[in-house]
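>
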Amino acid sequence: MDHLPLISVIVPVYNTAPFLDECLESIALQSCDNMEVILVDDGSTDGSNAICRRRVERDGRFRLVECDNCGPSVARNAGIDVSRGEYVTFVDSDDVIARDYVTRLYAMMTDADMAVTRVGGKMRHCDSESLIMSRDDAMKSLLYQDGVDSSVSGKMFARHLFDEERFTPGIMYEDLDIMPRVIGRARRIVFRDEVLYFYRKRSGSRLSVFTRDRLDVLDVVGRIGEYVALNCPAASAAAKSRMLSAHFNMFVLLVRNGLGYSKEADACWDVISKLRMGCLRDRRVRAKNKLGIIASLPGKGFFKLLSRLSK
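Using our numbering, you'd call the opening residue of the sequence shown number 215 and step up by one each time.
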């Protein structure tokens, strides 16, 4: 594709040495030459920094920024701060992208501020028409969890969407936290149902084990509800659906990890009880949530039993 504007590919790196070369090679092989690749090493201790340095020495499109183990939000923000591209995309350092990832996403960006594809375990191209969404429709899709997912991976953004937005440091679910705010600044969003981004599931990742930090999602969905009420009220019902989903998920995890009688579990149940009937009547609420609502109706004790038995 000719005459592409500069595109910034931001890659936060932390202790992913076994996968890093494959990730960087998939970026280096892109059919787009007019790009800069910003590697942000967040204090790696496993040799990842040396891999980044070798890549920078071999390929002038790559640059290295170093942070002091401040977390993925700070690493991504550091990449945004030094980016020069008109468009931005994010790639995690243990994942892989299709050879035409950048050009295909850019081709979707005509008169839009965001291009969205899926992430998955197997690449899948498609020739179907792209779906053009308004800001309200994209916000609903995100919060109803029925198309636009909460990851910043598999997407391309107009750089101006980040002029006043950054990832929140020190929290989990930082992608879910920023996505509604970025969508809220967009004019139009384009979605295509194909997989150009290979997501690697790894044991030991932050979301593969339960810690109390996982409860950050409850604060995140609370902030989303407040943001949507002020900036995108048409998606208020969708925000309630996402809030219910998060509280169901955390309640089940708390029960399975011996914390079913904690104050956090009680707080989750209070929110579930408040939101469930309204969400049950909402036709767009996904089936998984509606099954959870029905299972919760006999009471907290019954639902705790189901949570333990369904491990």
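Every residue, glycine too, gets a C-beta built ideally from N, C-alpha and C.
Report the residue from 450, 293, 518 and 225 whose alpha carbon sits nearest the alpha carbon of residue 266.
Numbered from its first residue, the sequence shown carries residue 266 at position 52. The shortest C-alpha separation from residue 266 is found at 225.
> Residue 262: which of 287, 240 and 229 sits nearest, CA to CA?
Locating residue 262 in the sequence shown gives position 48, where the first residue counts as 1. Residue 229 is the option with its Cα nearest to residue 262.
> Could you give the distance in angstroms between the alpha-carbon of residue 306 and the alpha-carbon of residue 512?
Within the sequence shown, residue 306 is the residue found at index 92, counting from 1. Within the sequence shown, residue 512 is the residue found at index 298, counting from 1. In a straight line, the C-alpha of residue 306 is about 42 angstroms away from that of residue 512.
> Could you tell me the distance, in whole angstroms, from the CA atom of residue 509 to the CA atom of residue 473?
Your numbering for residue 509 matches position 295 in the sequence shown. Your numbering for residue 473 matches position 259 in the sequence shown. For residue 509 and residue 473, the distance between alpha carbons rounds to 20 angstroms.
> Skipping 5 residues on each side, what residues in its chain have a beta carbon closer than 8 angstroms to that of residue 300?
What you label residue 300 is simply residue 86 of the sequence shown in a count that begins at 1. If we look at residue 300 and ignore the five residues flanking it on each side, its Cβ neighbours are 219, 220, 221, 372 and 373.
> Quick one: Cα of residue 339 to Cα of residue 519, how far?
For the purposes of this step, residue 339 is taken as the residue at position 125 of the sequence shown. For the purposes of this step, residue 519 is taken as the residue at position 305 of the sequence shown. Going by the C-alpha atoms only, they are around 42 angstroms apart.
> Residue 328 and residue 446: beta carbons closer than 7 angstroms?
Reading the sequence shown from its first residue, position 114 is the one you call residue 328. Reading the sequence shown from its first residue, position 232 is the one you call residue 446. It is not a contact, given that the beta carbons lie outside the stated cut-off.
> When the Cα atoms are used, what is the spatial distance from residue 398 to residue 380?
Taking the sequence shown and counting its residues from 1, one reaches residue 398 at position 184. Taking the sequence shown and counting its residues from 1, one reaches residue 380 at position 166. Rounded to whole angstroms, residue 398 to residue 380 spans 14 angstroms at the Cα level.
> The alpha helix (DSSP H) with residue 322 in it runs from where to where?
Counted from its first residue, the sequence shown places residue 322 at position 108. It is not in any alpha helix (DSSP H) - residue 322 carries neither H nor E in the DSSP assignment.
> Given a threshold of 16 other Cβ atoms within 10 Å of its Cβ, counted over all protein chains shown, does residue 454 qualify as buried or as exposed?
As a working mapping, residue 454 is identified with position 240 in the sequence shown. By the neighbour-count rule (16 or more Cβ atoms within 10 Å), residue 454 is buried.
> Answer yes if the stretch 268 to 280 comes into contact with the stretch 343 to 363, meaning at least three C-beta pairs across the two stretches below 8 angstroms, and no otherwise.
No, the stretch 343 to 363 is not in contact with the stretch 268 to 280.
> When the Cα atoms are used, what is the spatial distance from residue 400 to residue 323?
For the purposes of this step, residue 400 is taken as residue 186 along the sequence shown, with counting starting at 1. For the purposes of this step, residue 323 is taken as residue 109 along the sequence shown, with counting starting at 1. Going from the Cα of residue 400 to the Cα of residue 323 covers about 12 angstroms.
> What are the start and end residues of each continuous alpha helix (DSSP H) run of 4 or more residues lying completely inside the stretch 284 to 333, in chain order?
Segments of the alpha helix (DSSP H) lying fully in the stretch 284 to 333: 286 to 296 and 315 to 321.
> Tell me residue 249's beta-bridge partners as DSSP assigns them.
Start at 1 with the first residue of the sequence shown, and residue 249 comes out as number 35. According to DSSP, which records beta bridges pairwise, residue 249 is partnered with 221.
> Under DSSP, the alpha helix (DSSP H) around residue 410 begins and ends at which residues?
In the sequence shown, the residue the question calls residue 410 occupies position 196. Segment 402 to 412 is the beta strand (DSSP E) holding residue 410; no alpha helix (DSSP H) there.
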